[in-house]
Structure formats: structure tokens, C-alpha cells
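Protein chains: 2
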Amino acid sequence: MTPDPISRYRRFSRAVTSEVGALDHSFLGRGRPLGAARVLNAIGHGRTGVAAVRDYLGLDSGLMSRLLRGLEEEGLITLAPHPDDARARIATLTDKGRAEFTAYEALSDDRAAQALARHPHPEALLAAMDLVASALGRDRITFEEVDPRAEAARYCLSEYYAELGRRFATGFDVSLSRDPEAGDMIAPRGAFLLAMSDGLPIGCVGLKGQGGAVAEIKRLWIAPSARGLGLSKRLMAQIETRARALGIGTLRLDTNSALPEAVALYRGTGWTEIARFNDDPYPDHFFEKRIAS
Amino acid sequence: MTPDPISRYRRFSRAVTSEVGALDHSFLGRGRPLGAARVLNAIGHGRTGVAAVRDYLGLDSGLMSRLLRGLEEEGLITLAPHPDDARARIATLTDKGRAEFTAYEALSDDRAAQALARHPHPEALLAAMDLVASALGRDRITFEEVDPRAEAARYCLSEYYAELGRRFATGFDVSLSRDPEAGDMIAPRGAFLLAMSDGLPIGCVGLKGQGGAVAEIKRLWIAPSARGLGLSKRLMAQIETRARALGIGTLRLDTNSALPEAVALYRGTGWTEIARFNDDPYPDHFFEKRIAS
DNA sequence: CATGATACCTGACTTTTGTCAGATACCAGG
DNA sequence: CCTGGTATCTGACAAAAGTCAGGTATCATG
Chain A
1 MTPDPISRYR RFSRAVTSEV GALDHSFLGR GRPLGAARVL NAIGHGRTGV AAVRDYLGLD
61 SGLMSRLLRG LEEEGLITLA PHPDDARARI ATLTDKGRAE FTAYEALSDD RAAQALARHP
121 HPEALLAAMD LVASALGRDR ITFEEVDPRA EAARYCLSEY YAELGRRFAT GFDVSLSRDP
181 EAGDMIAPRG AFLLAMSDGL PIGCVGLKGQ GGAVAEIKRL WIAPSARGLG LSKRLMAQIE
241 TRARALGIGT LRLDTNSALP EAVALYRGTG WTEIARFNDD PYPDHFFEKR IAS
Chain B
1 MTPDPISRYR RFSRAVTSEV GALDHSFLGR GRPLGAARVL NAIGHGRTGV AAVRDYLGLD
61 SGLMSRLLRG LEEEGLITLA PHPDDARARI ATLTDKGRAE FTAYEALSDD RAAQALARHP
121 HPEALLAAMD LVASALGRDR ITFEEVDPRA EAARYCLSEY YAELGRRFAT GFDVSLSRDP
181 EAGDMIAPRG AFLLAMSDGL PIGCVGLKGQ GGAVAEIKRL WIAPSARGLG LSKRLMAQIE
241 TRARALGIGT LRLDTNSALP EAVALYRGTG WTEIARFNDD PYPDHFFEKR IAS
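Residue numbers (UniProt numbering), protein chains in the order written: chain A, 1 to 293; chain B, 1 to 293.
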């Protein structure tokens, strides 16, 4: 009786196909074939290596080569050998190329702004889009090591704090917690990892070290739209690898029973519960894991 | 600090572009160019008129003609003149064509099923997809007059009853309400309209007549994912036009203050409140509108 | 410094898609 | 039956995209 899941998915797929088609079509308006426009955009978005672009767009190397030459002849990009490997080449936008890239970006941005403006509840629409994007983009999630003071990291942290505030009966005040100094979460003492999905941060985790063989996992957070996809396990695996590379043999962490999914995660991935090892007012569970290789 | 709406929209767009691209690519696996596959699918989905397909896919008439001939030569379709207009032609799938169409459908269905199966909360993902599809597909919404006993109509009605049950403090029992006989909502006495978005019903409204110049509007319902898009106004405008065509001069309806958006809609679109005109236990507001042209 | 692997380029295609100016057959209305 | 309009087809192109077998540097390694 009710539309079945497959039909609903496919309705979504049709709606979205026509949206994608319309955007592609609008790209044609700048007098350049779609292939060339796509390459220019990939370069503008920081995919400067020829191989990276080719891989991203799924192009044959011959075609790619010609498209690049076309853009070069138009004066939009310059190609220079990669400093570390003279076989490879990296593309850079010229001023003219940057202007053209910006124009393409404006086309996309306008479309987005219009779609959002026409909707009565943009925030609801965006939340739905985040969820869909996380679900469809799960295979393209990448991990980046960043400075915890960088903007994307600060965004994750502030969402993390806000969530603790909602989850803890007492609320959450960072200043009462043992907030690590940024330097403790930067190599060589520690690390801070972001999970990025199509350019947006959707999760983070910190490794707080003091130079010794023991370090602490802090600030594990997954965006609500990306929960249930196994991302926390992947983030933890990444940070463990990173910790091992930094010469750390034992990891510790503290958490709170108001975060049952976190407690379950640690119990299920080789962590053993240990006695309290700090006097932070918030945590009530403490874990340890040996990771020496 | 937080990712801005445009970035979020564009992340969604990227995620979805690659999904669409992957599906297109999988279509190539059946040894037929994408254009031909798309035409075959459009025909399989009931777009049998050549002009309808051309319009839907945005193809040039020359290209369309050649693609059709290709499919005909492959033995997948037959082309016959339209019975009412021998200039136009209608395409029909042969058995072989139907088999091929089914194979394409299976590719799409499998992809959908896989994406849903990999997600921890398929229902949440689908709800998000419904919302997005309604938002992006609002320009493609069509209206269809159907038998109120047809499956899509029954789906809308059951959702409508379920919603009344949630909204009314007393719950809602259809059998206590003045449930119109199906014949009252079928021409020439009345009508039943569905709003369809990319093949799925997302709203309905009934016109219940007894053959006289007065008829009643019943069962106005909009799917949650499509609310706020002005669809109720469009549905009402459609049913008024239909009523006028059936020779009806005055419309009446009853509603309940537990449905404030409905009451506001009627107040804002030319309806005047009148005295109770039936003894149905649920309604507490009654409206009338003259529509004679 | 030979050797195989790698990153990209070139040339020579084919296929697919898009475009456009007629041509053909048919329809609707006087 | 003429006339203007409509639906589709045809032919002749052109542009875009994709393919593939070499070719040229360059790298990493023993």
C-alpha cells in the first residue's frame, strides 16, 4: 500500500538526476565543453596533480592530456613538472583561470542559494541533504591531520561541546574539563584527525600526548548525519595508527555513561576498563589499550 | 564557524553527482549508449509518445528519431502511428524490449536496495530523500484524476486518516465520519485528484458531488515531505477548475481546528465561514465558496 | 647504469551526441 | 481543396567524448 523503499529511493534518484543535469547544462553556458569545465573545476578545488584529476573524473589519460592542453592554450592554467617527480605535472590556475573558476563556482552557488531560498524550511532541507550526502558519500570519506585550531577542527569541537551540553544532565563547560593545549594534539606529541566527506568535516578525534609512551584519546565526535556508518571505528583505527607512528605504546581515554554508544564502541574494540586516572569532573568511565606493534 | 548552507548544499550535490554518474555508468554495461538506454527506459515507464520522450529527455528531434530507429532495429520497440493523429507516433516495447527494460530497472533497483541496505536507519534515510525529492522536484509535480479506490489514492487516504488520528485528541475513526461513497468522487458527480511527484503520490483532494450544483471538498492531504511548498493551494485550484467543468457552482467543506494550516488556507483563499451543515462528529469549522464562472 | 615501472603525451581512430536546414505526411479550418 | 501549422524524418555535418597502441621522459632499484 505505502510506496515501497525502492520506489522512494528511485523517485529521489530521478529528482536529483534532473537537478544534476540542469547544473551541467548551465555550465555549458560559458562556451566550454563540460569535460573541460569539469577539469578546470577540479583544479580550482585543489586537485592540482594531473593523476588526481584524472582519477577523480575517471578520464582516459589521452583525453585528459588534450583537455589540459586546451585549458592551457586558453590561458586558464599553467602546467609545471612536479618538484619531487619530474614525470608528474601539476596544474595551477592563472589569474584568468581563477576568474573563470570563480564564475563556475558562482553558477553552482546561485543554484544552491535559489533552491534553498525557495524552500520554506531551509534548515530541514539541509539536514536531510547532510544525511543523504553522508550516506551516499561514505566511500569517499577521507581523513586529514590538521591543527586543532584550524577552522574545520574548531567547528567539530564546538559541535562536540554543544552535544555534551545536551547529553549531560549537568550541562558541559569546557573550562571545567581538562582541555588539552593545542600543542599536545599536534605532532610530534599528538595529533588531531578530521573525517572529511566531500569537503565538509563530519567527525574528529584527538590524540593528546606529552612526549611519553602513553597518550590520551580525546574529542571523538561524529556528525549526527554520519552516525551509524561505522565512522567512529575508522577514525579510531586511523588515530591508533598515527599514535603508533609517533612511538606511543599505550592509549587511554575517559568517557561518560551518558554516551552509551561511545562506551559500547570502546568495549567492543579491544579497550579494557581501568580505574579513574584523572580528576576531571565529567567522565565516569576510563579505558586503556595497548597498541605497541 | 559552522559550514554555511551553500557548502552543505554543494556537498550534497557532489555526493549525488557521483551517485548519478555511477548509475549511468552501470547502464553502459548493457552494451548500449546512454542515450538509447534512456529512451528505452522512458518508453518502459509509460512515456510512449515520441514527443513526450523527446520533451522529457530534452533531445533534438533528429537525434530522437535516430535513437528510436536504433531501438527498432534492435527489435526492442515497435513504432505505430497514433490512432488519433497519424502525424505522431507511439512506441511500444516488444517482448525483447520489455526484457531489456526490466534488466535496466533491475540495475537501478539493485543500486537502491544496496544503498538502503548499507544504511543503519533506512527509514530515516528515505524520509530525508523524500524531503529532498519534494524540494527539488516541485516544478515537476503533476496532477492526475484517478479512481479513489486506486492504489495510490488509497495510500494517500490511509496516510490522511492516520494523520487525523494523531492530530485529533479523540483519535479518528473513518467509520464514524461521513465517508463518501467512491462513486460520489468520480466523474460525472465528483472527482479525486492526486499530486504526483516523479511517480509517487504526495497529495490528494476529493470532490464529492451528488449531481447538484453544490459539492463538497474532502480529503485534502499533503505528504509531510511536501508541506510548505504551496502544494495545497495548487491542488485546491485544480479541483476548483475540475468542479467548474462539472457544472458545480458552490463548494463546501468542513474541517477541524486541530488542523490550523487547513483553516488558514481556506480563510486565505476566498472561502467564507458558514454554519454547520452536517452532523459529522469531527469537524468544527465549515466553509463555503462560490465558484460559478 | 641497465631494467622495469611510472606518468604523461601523441596520433589515429570510433562512437556518441548535438545541430540544422529541408522534406514528408498529416491535421484543422475556411 | 487550399493554407498554415504540426509531428516526425532525413541528410549532412560538427563537436565532444572515449579508446588504444605506441612513444618519451623520468624514477627506483639492484
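Glycine residues also receive a C-beta, built at the ideal position from the N, C-alpha and C atoms. Please read these numbers as outputs of a predicted model, since none were measured by experiment.
Anything in chain A within Cβ reach of residue i, meaning under 9 Å, just list it in chain order.
i        : result
Ile6/B   : Ser108, Asp109, Ala112, Ala113 and Leu116
Ser197/B : Arg11 and Ala15
List the residues of chain B that residue i touches, going by C-beta distances under 7 Å, in chain order.
i        : result
Thr17/A  : Val20
Gly137/A : Ala15
Please say whether residue j and residue i have beta carbons closer to each other than 8 Å?
i        : j        : result
Met252/B : Glu216/B : Just to set this straight, residue 252/B is Arg in the shown sequence, not Met. Yes, the Cβ-Cβ distance between Arg252/B and Glu216/B is below 8 Å.
Leu93/A  : Gly44/A  : yes
Leu193/B : Arg242/B : yes
Ser232/A : Ile222/A : yes
Ala135/B : His119/A : yes
Pro201/B : Ala152/B : yes
Asp55/A  : Arg140/A : no
Leu116/B : Pro188/B : no
Asp254/A : Arg8/B   : no
Tyr104/B : Leu59/B  : no
Pro5/A   : Pro122/B : yes
Gly171/B : Ala213/B : no
Val132/A : Leu125/B : yes
Ala258/A : Arg167/A : yes
Tyr155/A : Val174/A : no
Tyr282/B : Ser177/B : yes
Gly62/A  : Ile77/A  : no
Leu23/A  : Arg38/A  : no
Leu157/B : Arg219/B : yes
Leu79/B  : Arg138/B : no
Closer than 9 Å by beta-carbon distance: list the chain B residues that pair up with residue i, in chain order.
i        : result
Leu229/A : Arg118, His119 and Pro120
Could you name the residues of chain B that residue i contacts, counting a contact when the two beta carbons are closer than 8 Å?
i        : result
Leu200/A : Pro3, Ser7, Arg8 and Arg11
Whose Cβ in chain A lies nearer than 7 Å to the Cβ of residue i?
i        : result
Leu193/B : Near Leu193/B there are no residues of chain A at all, since even the closest Cβ is about 18 Å away, more than 7 Å.
Ala86/B  : In chain order: nothing, as chain A lies at least about 32 Å away.
- Task: Count the CB pairs spanning the stretch 80 to 93 of chain A and the stretch 44 to 55 of chain A that are closer than 8 Å, and state whether there are at least three.
- Result: yes
- Message: Ignoring anything shorter than 3 residues, give me the beta strand (DSSP E) runs that lie fully in the UniProt domain "N-acetyltransferase" (141 to 293) of chain B, in order along the chain.
- Response: Look at the UniProt domain "N-acetyltransferase" (141 to 293) of chain B and you find these whole runs of beta strand (DSSP E), each 3 residues long or longer: 142 to 145, 191 to 197, 200 to 209, 214 to 222, 250 to 255 and 285 to 290.
- Any 3 or more C-beta pairs closer than 8 Å across the stretch 71 to 84 of chain A and the stretch 30 to 45 of chain B: no
- Item | Residues in the stretch 117 to 132 of chain B having any Cβ partner in chain A nearer than 9 Å | Arg118, His119, Pro120, His121, Pro122, Glu123, Ala124, Leu125, Leu126, Ala127, Ala128, Met129, Asp130, Leu131 and Val132
- Task: Please go through the stretch 51 to 132 of chain B and give each complete beta strand (DSSP E) segment of 3 or more residues, from N-terminal end onward.
- Result: 77 to 82 and 85 to 93
- Item | Within 7 Å of chain A by C-beta, residues of the stretch 154 to 168 of chain B in sequence order | Arg154, Tyr155 and Ser158
- Query: Three or more beta-carbon pairs under 8 Å between the stretch 5 to 20 of chain B and the stretch 3 to 18 of chain A, yes or no?
  - Reply: yes
- Contact residues within the stretch 66 to 87 of chain B, judged by C-beta distance below 8 Å to chain A: none
- Task: Check whether the stretch 20 to 30 of chain B touches the stretch 277 to 286 of chain A, counting contact only when three or more Cβ pairs, one atom from each stretch, lie closer than 8 Å.
- Result: no
- Query: Is the stretch 176 to 195 of chain A touching the stretch 204 to 214 of chain A in the sense that three or more CB pairs, one from each, lie closer than 8 Å?
  - Reply: yes
- Query: Per the contact definition of three or more C-beta pairs closer than 8 Å, is the stretch 170 to 188 of chain A in contact with the stretch 266 to 275 of chain A?
  - Reply: no
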